[in-house]
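Notes for the one structure printed next.
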Amino acid sequence: MDLEQQLSRVDLNLLVSLQVLLAEENVSRAADRLFLSQSAMSRTLQRLRDLFDDPLFVRHAKGITPTPKAQQLAEKLNVLLPNIAEVLHAQAFEPQQSEAAFNIAVPALLSESILLPLIEQLASQAPHMCINEIPIDNAPWKQLAEGKLDFAVHIDVPDDDDFVATPITSIAPFIYAHQSHPLAGQEKVSLTDCLAWPFVEMLVTGNQGVTQNLPLKQLFSQTKQQPKVIARSKQLNTLLTAVASRNALIVASNLLQSKHVPLRPIYQFDLPQKDPLTLYLVSHKRVSGSSAHQWLQQQIIKL
Numbered sequence: 001m002d003l004e005q006q007l008s009r010v011d012l013n014l015l016v017s018l019q020v021l022l023a024e025e026n027v028s029r030a031a032d033r034l035f036l037s038q039s040a041m042s043r044t045l046q047r048l049r050d051l052f053d054d055p056l057f058v059r060h061a062k063g064i065t066p067t068p069k070a071q072q073l074a075e076k077l078n079v080l081l082p083n084i085a086e087v088l089h090a091q092a093f094e095p096q097q098s099e100a101a102f103n104i105a106v107p108a109l110l111s112e113s114i115l116l117p118l119i120e121q122l123a124s125q126a127p128h129m130c131i132n133e134i135p136i137d138n139a140p141w142k143q144l145a146e147g148k149l150d151f152a153v154h155i156d157v158p159d160d161d162d163f164v165a166t167p168i169t170s171i172a173p174f175i176y177a178h179q180s181h182p183l184a185g186q187e188k189v190s191l192t193d194c195l196a197w198p199f200v201e202m203l204v205t206g207n208q209g210v211t212q213n214l215p216l217k218q219l220f221s222q223t224k225q226q227p228k229v230i231a232r233s234k235q236l237n238t239l240l241t242a243v244a245s246r247n248a249l250i251v252a253s254n255l256l257q258s259k260h261v262p263l264r265p266i267y268q269f270d271l272p273q274k275d276p277l278t279l280y281l282v283s284h285k286r287v288s289g290s291s292a293h294q295w296l297q298q299q300i301i302k303l
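Straight run, no breaks: the sequence shown in UniProt numbering ends on number 303.
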């Protein structure tokens, strides 16, 4: 049997139903999303089991859990269905008319310098488009692969051909102080000077959902004295308020911006030239055929 004959026997709606079942892991909720009765959804699930010769899901008290076979299919569906949708609705992308929504993960310390200019730019170029900022994960690759994220701005590149990483810019780590801080008026500031003052630190969520305080550990790993941290948070505004009220310092890149708290870089870390910090825009290959994603990617790169 050739490929065309095989495909002619498959109902595309079954694949859509499978993706919804994988997303919801609950037959009742999947039925609601597809505007089907629960009995009709159960019959669809049985057809899927017959088609793939696998149970696909195992029932438990709160819903259903995908089998290894279903998990393998999920990875393929995340690429296949968007491409089919692109074929069915292929037309010239018009930013001015687009109502597309994109989920983008950006480090909180870079949000104002990357997302805010993007949102302001879209006001004229794509006024109906929506940008959703998603909390950055230490390794957001799974979210990108599953379609929970469209783009991630990150200093790491996944070692996987399924991802596309485009360099945006090189960044350098600095220590910042409020402009009224005593060190801000000092002509030359040493690292020892900085370590005499308290620090605040941004928390990053790891790929297991565990929060990690990464920047300070990495940058001060070679120093005998460690910074005294008086506050850690995932919220940039909270940390900047502490910078202003407690004469605290914060480590961030040269891209750090704040319209609410006047900051001044007082010390730049001396990193080896062989280890430049490059910021990447990372996406999954599942969106490579989407003209909307490609257009937005170019807007971010040009910022």
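Where a beta carbon is used, it is the ideal one built from N, C-alpha and C, also for glycine. Every value quoted in this text rests on a predicted model; they were computed, and no experiment measured them.
> Could you give the C-beta distance for I131 and I104, rounded to a whole number, given that I count them as a contact under 8 Å?
Replying inline: Along the sequence shown, read from residue 1 onward, the residue named residue 131 stands at position 131. Along the sequence shown, read from residue 1 onward, the residue named residue 104 stands at position 104. The pair is a contact, with the Cβ atoms about 6 Å apart (cut-off 8 Å).
> Can you list, in chain order, the stretches of the alpha helix (DSSP H) that have 4 or more residues and sit fully within the segment 168-253?
Replying inline: 191-195, 214-219 and 236-245
> My guess is that S221 and I171 are in contact by the Cβ rule of under 8 Å, so how many angstroms apart are they, rounded?
Replying inline: Stepping through the sequence shown from its first residue, residue 221 is reached at position 221. Stepping through the sequence shown from its first residue, residue 171 is reached at position 171. Not confirmed; about 18 Å, so no contact.
> Since P66 is in the beta strand (DSSP E), which residue starts that stretch and which ends it?
Replying inline: Numbered from its first residue, the sequence shown carries residue 66 at position 66. From DSSP, the beta strand (DSSP E) with P66 extends over G63 to P66.
>> Suppose the cutoff is 6 Å on Cβ atoms and the five residues either side in sequence are ignored; what does the same chain contact list for E25 look like?
In response: As a working note, residue 25 is residue 25 in the sequence shown. So the qualifying residues of the chain are G63 and I64.
>> Less than 7 Å between C-beta atoms, sequence neighbours within five positions excluded: which residues of the same chain meet that for N83?
In response: Taking the first residue of the sequence shown as position 1, residue 83 is located at position 83. So the list reads G289, once near-sequence residues are dropped.
>> Less than 8 Å between the beta carbons of H181 and P262, yes or no?
In response: In the sequence shown, the residue the question calls residue 181 occupies position 181. In the sequence shown, the residue the question calls residue 262 occupies position 262. Their beta carbons are not under 8 Å apart, which means H181 does not touch P262 by this criterion.
>> For A244, which residues in the same chain have their Cβ closer than 6 Å to its Cβ, ignoring the five residues on either side in sequence?
In response: The residue you call residue 244 lines up with position 244 of the sequence shown. Counting only Cβ-Cβ distances below 6 Å, and skipping sequence neighbours, we find H178 and V261.
> Which residue from W141, D150 and P173 puts its Cα closest to that of D161?
Replying inline: Locating residue 161 in the sequence shown gives position 161, where the first residue counts as 1. Ranking W141, D150 and P173 by Cα distance to D161 puts W141 first.
> Nearest-angstrom Cα distance between G209 and A85?
Replying inline: Looking up residue 209 in the sequence shown gives position 209. Looking up residue 85 in the sequence shown gives position 85. Confidence in G209 is poor, its pLDDT being 44 and thus under 50, which makes the residue's placement too unreliable to answer from.
>> I'd like the span of the alpha helix (DSSP H) that includes L51, first residue to last.
In response: Position 51 of the sequence shown holds residue 51. Element bounds for L51: Q38 to F52.
> Expressed to the nearest angstrom, what Euclidean distance is found between the alpha-carbon atoms of S190 and K148?
Replying inline: Within the sequence shown, numbered from 1, the residue matching residue 190 stands at position 190. Within the sequence shown, numbered from 1, the residue matching residue 148 stands at position 148. Cα to Cα, the separation comes out at about 43 Å.
> Exposed or buried, F35, counting other C-beta atoms within 10 Å across all chains shown (16 or more means buried)?
Replying inline: As a first step, residue 35 is located in the sequence shown; it is residue number 35 there, counting from the start. F35 comes out exposed.
> Among D50, V157 and S258, which one has its Cα closest to the Cα of L236?
Replying inline: Along the sequence shown, read from residue 1 onward, the residue named residue 236 stands at position 236. Per the Cα distances, S258.
>> Need the endpoints of the alpha helix (DSSP H) that Q294 sits in, please.
In response: Locating residue 294 in the sequence shown gives position 294, counting from the first residue. Element bounds for Q294: S291 to K302.
> Unbroken alpha helix (DSSP H) runs of length 4 or more, entirely within the segment 112-171: which are they?
Replying inline: 141-146
> Does the Cβ-Cβ distance between P227 and F269 come in under 8 Å?
Replying inline: Reading the sequence shown from its first residue, position 227 is the one you call residue 227. Reading the sequence shown from its first residue, position 269 is the one you call residue 269. No; because the gap between Cβ atoms is not below 8 Å, this pair is not in contact.
> Pick from A196, R33 and L73: whose alpha carbon is nearest that of L48?
Replying inline: Mapped onto the sequence shown, residue 48 falls at position 48. Closest option to L48, Cα to Cα, is L73.
>> Using 8 Å for Cβ pairs, my map puts residue 306 next to I175. What's the rounded Cβ distance?
In response: Only positions 1 to 303 of the chain appear in this structure, which leaves residue 306 out of reach.
> Which residue's Cα is closest to the Cα of E187: D156, R264, Q294 and V79?
Replying inline: Translated into positions along the sequence shown, residue 187 becomes position 187. E187 has its Cα closest to that of R264, out of D156, R264, Q294 and V79.
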